[in-house]
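Colleague: Heads up, the sequence shown is in my numbering, so the first residue is 375 and it goes up one at a time.
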Amino acid sequence: MIDFVNVTKSYDKEEGPVFEGFSEHIERGEFILVTGQSGSGKSTLIKMLLKETEPDEGSITVDGRLLSGISRNDIPDYRKSIGVVFQDFRLFDDYSVYGNLEVVLSLTGGSMRDAESRITHILRLMGIDHLHKRFPRELSGGEKQKVCMARAILNSPSVLLADEPTGNLDPSSSAEIFRLMELIHRQGTTIVMATHDLSTADRLATSSRRIDLDLRLKEVTGDGS
């Protein structure tokens with residue numbers, strides 16, 4: 375499903391690479407937790423999968439598509455098959471909850487014929503159908519993140535990427551977001567989630583696998599302490 379092969383990525387030569395010779399295989403349907411301290415490369419891994427940044431060396435393949443072979447013009451089409459949940463929400467402030475989902479369907483070329491029933495179903499699945507007329511400024515952090523998750527799965531993506539989705543939330547809201555992630559995973563979606571929230575992650579009922587970037591960093595630097 376997803377393959378990293380000898381990936382190297384640096385931002386600053388003086389600080390050294392974020393990734394060096396990184397290889398990893400993710401099976402279809404896995405729930406992957408990407409963990410590590412700040413600066414270990416969690417967000418960079420998500421951004422490379424989203425083609426927001428490129429590796430300096432190596433290759434990344436997603437669902438049979440070599441990402442280096444996707445042109446700038448074809449990136450929007452590639453991203454239609456991927457759902458993304460951001461820590462900072464990235465909602466449209468001037469649109470209601472319903473409008474935020476409707477505009478995504480329109481922008482991504484999703485079917486508008488059954489838009490109302492599809493959006494209503496997804497909002498109900500996330501437990502926020504009663505909030506459909508509210509605007510982002512009227513929502514709590516946890517409610518905003520549920521809208522983001524609804525938006526991310528609207529087009530039934532094969533892969534869901536989540537970059538610290540509980541980073542700005544209280545423990546109760548964080549636990550609810552993890553529960554919804556499990557729900558999405560049970561429907562067959564491959565999930566790659568960067569998180570520092572290990573206490574909540576450890577209580578996941580769903581079988582998950584952890585990629586610990588701190589351990590990878592020690593392997594690269596030779597720091598066994």
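We treat Cβ as the ideally placed atom computed from N, Cα and C, and that holds for glycine.
With DSSP as the reference, identify every bridge partner of V436, one or two as the case may be.
Modeller: I376 and R439
Colleague: Less than 7 Å between C-beta atoms, sequence neighbours within five positions excluded: which residues of the same chain meet that for E401?
Modeller: M375
Colleague: Thinking C-alpha only, which one of A489, R492 and G515 is nearest D320?
Modeller: Shown here, the chain extends from 375 to 599; a query on residue 320 therefore has no answer.
Colleague: Three or more beta-carbon pairs under 8 Å between the stretch 565 to 575 and the stretch 404 to 419, yes or no?
Modeller: Result yes; three or more Cβ-Cβ pairs closer than 8 Å.
Colleague: Suppose only complete runs of 4+ residues qualify. What are the alpha helix (DSSP H) ranges in the stretch 481 to 547, listed by chain order?
Modeller: 489 to 499 and 515 to 526
Colleague: When you compare each of T540, S470, S546 and A489 to F509 by their alpha carbons, which one comes out closest?
Modeller: In terms of Cα proximity to F509, the closest of T540, S470, S546 and A489 is S470.
Colleague: Suppose the cutoff is 7 Å on Cβ atoms and the five residues either side in sequence are ignored; what does the same chain contact list for V477 look like?
Modeller: Excluding positions up to five away in sequence, the list reads F466 and Y469.
Colleague: Within its chain, find whatever has a CB closer than 6 Å to the CB of T595; leave out the 5 residues flanking it on each side and keep chain order.
Modeller: Low local confidence applies: a pLDDT of 42 at T595 is under 50, so the model's placement there is unreliable, with the coordinate-based value given in what follows. Answer for T595: no residue qualifies.
Colleague: Is the separation between the beta-carbon of V392 and that of G415 shorter than 8 Å?
Modeller: yes
Colleague: For chain C, find out if any of its Cβ atoms is closer than 8 Å to the Cβ of M567; answer yes or no.
Modeller: The question asks about chain C, but that chain is absent: this structure has only one protein chain.
Colleague: With a Cβ-Cβ cutoff of 8 Å, do F460 and D537 count as a contact?
Modeller: yes
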